[in-house]
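The structure appears right after this line, and notes come after that.
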Amino acid sequence: MENAEKIVLCFSPTGSCLKAARAICGQKDRLIDFTLPANRDALPVFSKNIQAVFVLPVYNRSVPDVCRSYIKKLKGNGCNASVICVYGGVTKGKSLTIAAKLLTDSGFVPVKGAYIAAPHFYAKEKINLLSHERLERLNEFLNGNFNTREIKIAKLNPLLSFQPLLKSLTGRCVTDYSECDECGKCKGVCPVNAVAEDFSTKHNCILCGACLNACPLKARSIKFFSPVPPLFIKLNCKHRHDEFFYFTDKNVNRMKKIVS
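Under the working numbering, read the sequence shown as residues -18 to 241, first letter to last.
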């Protein structure tokens, strides 16, 4: 849809999604960073005359529960939507089709999707850097300047989530009180208000790493419950190619023509 208003929405505790969102957001476009709880109160209004682009991270092979909750509150009103799922070069799961199903249930019409590899927060070697060339290619894709292959929207109950179970098997954010000066910066950046008054970590922590980045004294860290998660990341974190798709869904009489 030419000359349509574009709204770019992102959830980005550690910055990769925000970098991609800024790269695809033109001067006249609106950028909504709903990472912090306070930014989720005023919901944008969508219509068929608006294009929406959602830039979401991949946690545990899926879309974070906090993103699910936010999308469910939105009313798409037939607005065309593209989805960019940013993952750490390990596994993307079915996050793209999960996000598309969530958007469909909220009244959006998913039309394009992409998997974009970014540096994994837990990995020691930072690969899959979001270069200018890669972000330009993402822009070309959203603007319809090159061909893609199709992916069908998966059948999924968006209420079902294994993230709490997977998180419980991974680790926990902890505070080294001998280093902490109680500056409160970790609280200010937490997307789910999981840092308690005594700077311990509540059970709703999503292990995003935002508090680790924000702590100037490096007093926050992730304590893994076993050596398996770090080893899994080390063995599977590789250079990944970005992937681009069109969505199709026969159940809602919507097909996208794929040009070979």
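Ideal Cβ placement from N, Cα and C applies to all residues, glycine included.
Quick one: what does DSSP say residue i is sitting in, helix, strand or coil?
i           : result
residue 108 : coil
residue 133 : strand
residue 63  : strand
residue 82  : helix
residue 222 : coil
residue 6   : coil
residue 211 : helix
residue 217 : helix
residue 75  : coil
Using a Cβ-Cβ cutoff of less than 6 Å, which residues in the same chain neighbour residue i once the five nearest sequence positions on both sides are dropped?
i           : result
residue 39  : 66, 68, 73 and 76
residue 157 : 200
residue 61  : 32, 90 and 92
residue -7  : -1 and 16
residue 190 : -5 and 102
residue -14 : 31
residue 160 : 198 and 200
residue 233 : Below a pLDDT of 50, predicted positions are generally treated as unreliable, and residue 233, at 38, falls in that range; no measurement from the model is reported.
What does DSSP give as the partner residues of residue i in its beta bridges?
i           : result
residue 12  : -11
residue 68  : 98
residue 203 : 154
residue 227 : 93 and 131
Classify residue i as buried or exposed, calling it buried when 16 or more other Cβ atoms lie within 10 Å of its own Cβ.
i           : result
residue 83  : buried
residue 55  : buried
residue 113 : exposed
residue 59  : exposed
residue 98  : buried
residue 209 : exposed
residue 207 : exposed
Excluding sequence positions up to five away, which residues of its chain have a Cβ less than 8 Å from the Cβ of residue i?
i          : result
residue 57 : 27, 33, 84, 87, 88, 89 and 90
If you drop the 5 nearest sequence neighbours on each side, which residues of the same chain put their C-beta closer than 7 Å to that of residue i?
i           : result
residue 204 : 152, 153 and 155
residue 176 : 167, 168, 182 and 192
residue 5   : -11, 34, 119, 120 and 123
Fully enclosed by the segment 18 to 60, which beta strand (DSSP E) runs are 3 residues long or longer?
31 to 38
For the segment 142 to 200, list the beta strand (DSSP E) runs that are entirely contained and at least 3 residues long, ordered along the chain.
152 to 156
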